[in-house]
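Enquirer: Dropping a structure here in structure tokens format, bear with me for questions.
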Amino acid sequence: MKKLSTLLLALSISFLGFSQEDESQKSVIQEYTPSKLLKKGQWDIKFFNSLYTQTEQTDAGSTSGKIARQNFFTNTTEIYTGVSNNSRINVGVIFQVRANTYNGQGAFSVFNFENNGVDARSGVTTIAPSIRVQPIASVPNFSFTSSLYFAVFEDEPGVYLDKRSTFWETKFFYDKTFGGGKWQIFTEADFGFNFGESSSDADTLTENQGERFANNSMFLPVSAFLSYFPSAKSTVFVNAQQAFLIDLGNNFSQRYTQLGLGGKYQLTQALNLEASFGKIVTGNNFQGLGQTFSLGLRALF
1095 MKKLSTLLLA LSISFLGFSQ EDESQKSVIQ EYTPSKLLKK GQWDIKFFNS LYTQTEQTDA
1155 GSTSGKIARQ NFFTNTTEIY TGVSNNSRIN VGVIFQVRAN TYNGQGAFSV FNFENNGVDA
1215 RSGVTTIAPS IRVQPIASVP NFSFTSSLYF AVFEDEPGVY LDKRSTFWET KFFYDKTFGG
1275 GKWQIFTEAD FGFNFGESSS DADTLTENQG ERFANNSMFL PVSAFLSYFP SAKSTVFVNA
1335 QQAFLIDLGN NFSQRYTQLG LGGKYQLTQA LNLEASFGKI VTGNNFQGLG QTFSLGLRAL
1395 F
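FYI, in the working numbering the residues of the sequence shown are 1095 to 1395.
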């Protein structure tokens, strides 16, 4: 009986040790969702590339019509590090590079990164200091990120490149894993405020009116993602987003609905790859009804 008790105790200890080892081997895509903050000294670097292309646009209402193809490429580089002993504060910086082409050019024309003053424009557009905070210690899967974007590209009339705004954006994240760790629901609510000169006050000879369309407005997108983990190293997801641009003094507002799907794969212990597709299905007030193709690489160490 004593030998049996000793054997059972040994097996229990071995089982517990195996369970702890297995838990510690969670992949980055399982453990470090946007809701989860970094430990002190950890780094998170993400290169996210998206190509949005459209051949349809609504009128002043919600009726769609054909337009000559327009293409918008965005590269967003995010760099964060953990700075608090309790893993509840991260700081970082965000850079964005954009390239746009118009007048029916092919979708891949953006990768020429031209500036011809007629139907192509590109360049570094914004830089943003950013902070991530987990406000409630007992709810580790709830956090927010607040960033202040400054437009750093040259102001010139003609071809649109990016919003001519100082943009303060705060994103709230929450996720819940269920189904034995195989499923996860992730939600995000953003509150963004665009500050700057109204488009009607811009000098058309030296300034770009179109780049001021969103100034003095609030941008409010709400998103939900449902993910399934076929393995510890991979996930597939579907998502939906409803977004509103709310007029706060510029006499312009918009809304759109977007649906999408995608997946992530853990390449190494530090690197994971993400690919996704999105389609804007409804909108109003000259909203484009195009598709977004995205590819991202994330390094966490």
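The beta-carbon is built from N, C-alpha and C at its ideal position, and this holds for glycine as well. In this text, all values refer to a predicted model and were calculated from it rather than measured experimentally.
Quick check: the Cα distance between Val-1332 and Thr-1298, rounded to an integer number of angstroms?
Expert: 43 Å
Enquirer: According to DSSP, is Phe-1307 helix, strand or coil?
Expert: Phe-1307 falls in the coil class under three-state DSSP.
Enquirer: Excluding five sequence neighbours on each side, which residues of the same chain lie with their C-beta closer than 6 Å to the C-beta of Gln-1303?
Expert: Ser-1293, Ala-1296
Enquirer: With DSSP collapsed to three states, give me the class of Gln-1124.
Expert: The DSSP-derived three-state label of Gln-1124 is helix.
Enquirer: Let me check one thing: in DSSP terms, what residues is Glu-1172 bridge-paired to?
Expert: Bridge partners of Glu-1172: Lys-1140, Ile-1188.
Enquirer: Under the rule that 16 or more other beta-carbon atoms within 10 Å means buried, what is Ile-1123, buried or exposed?
Expert: buried
Enquirer: Does the distance from the CB of Asn-1235 to the CB of Lys-1130 come in under 8 Å?
Expert: yes
Enquirer: Could you tell me the alpha carbon to alpha carbon distance between Gly-1382 and Gln-1151, rounded to whole angstroms?
Expert: 4 Å
Enquirer: Go through its chain and collect everything with a Cβ distance to Leu-1145's Cβ below 6 Å, but skip five positions before and after it.
Expert: Phe-1167, Phe-1387
Enquirer: With a 10 Å radius around its C-beta and 16 neighbouring C-beta atoms as the bar for buried, classify Ala-1308 as buried or exposed.
Expert: Under this definition Ala-1308 is a buried residue.
Enquirer: Report, in whole angstroms, the separation of the C-beta atoms of Phe-1261 and Tyr-1243, which I expect to be a contact under 8 Å.
Expert: 4 Å
Enquirer: I need the DSSP call for Val-1246, collapsed to helix, strand or coil.
Expert: If DSSP states are grouped into helix, strand and coil, Val-1246 belongs with coil.
Enquirer: If you reduce the DSSP assignment to three classes, tell me which class Asn-1201 lands in.
Expert: Note that residue 1201 is Ala in the sequence shown here, rather than Asn. Here Ala-1201 sits in helix by DSSP.
Enquirer: Straight-line CA distance for Lys-1120 to Tyr-1254?
Expert: 44 Å
Enquirer: To the nearest angstrom, report how far apart Val-1204 and Arg-1163 are at their CA atoms.
Expert: Rounded to the nearest whole angstrom, the C-alpha separation of Val-1204 and Arg-1163 is 12 Å.
Enquirer: Excluding five sequence neighbours on each side, which residues of the same chain lie with their C-beta closer than 6 Å to the C-beta of Ser-1156?
Expert: Asn-1378
Enquirer: According to DSSP, is Ser-1294 part of a helix, a strand, or is it coil?
Expert: helix
Enquirer: If I follow the unbroken beta strand (DSSP E) through Leu-1361, where does it start and stop?
Expert: From DSSP, Leu-1361 is part of no beta strand (DSSP E); its letter is neither H nor E.
Enquirer: According to the Cβ coordinates, are Pro-1251 and Thr-1300 closer than 8 Å?
Expert: yes
Enquirer: Are Leu-1361 and Leu-1367 closer than 8 Å when you measure CB to CB?
Expert: yes
Enquirer: Per DSSP, Glu-1396 forms a beta bridge with which residues?
Expert: The chain is shown only over 1095 to 1395; residue 1396 falls outside these bounds and no answer can be derived.
Enquirer: Please classify Glu-1305: is it buried, with 16 or more other beta-carbons within 10 angstroms of its beta-carbon, or exposed?
Expert: buried
Enquirer: Could you tell me the distance, in whole angstroms, from the CA atom of Lys-1257 to the CA atom of Phe-1289?
Expert: 10 Å
Enquirer: Which of the three DSSP states is assigned to Ser-1118 in this structure?
Expert: Here Ser-1118 scores only 44 on pLDDT, less than 50, and its place in the model is too uncertain to base an answer on.
Enquirer: How big is the Cα-Cα spacing for Trp-1277 and Gly-1211?
Expert: 48 Å
Enquirer: Whole-angstrom Cβ separation of Asn-1165 and Thr-1195, contact assumed at under 8 Å?
Expert: About 5 Å separates the Cβ atoms of Asn-1165 and Thr-1195, confirming a contact at the 8 Å cut-off.
Enquirer: Determine the closest residue to Phe-1272 out of Leu-1314, Lys-1160, Tyr-1322, Gly-1217, with distance taken between C-alpha atoms.
Expert: Tyr-1322
Enquirer: Are the beta-carbon atoms belonging to Glu-1172 and Gly-1186 less than 8 Å from one another?
Expert: yes
Enquirer: According to the Cβ coordinates, are Ser-1311 and Leu-1353 closer than 8 Å?
Expert: no
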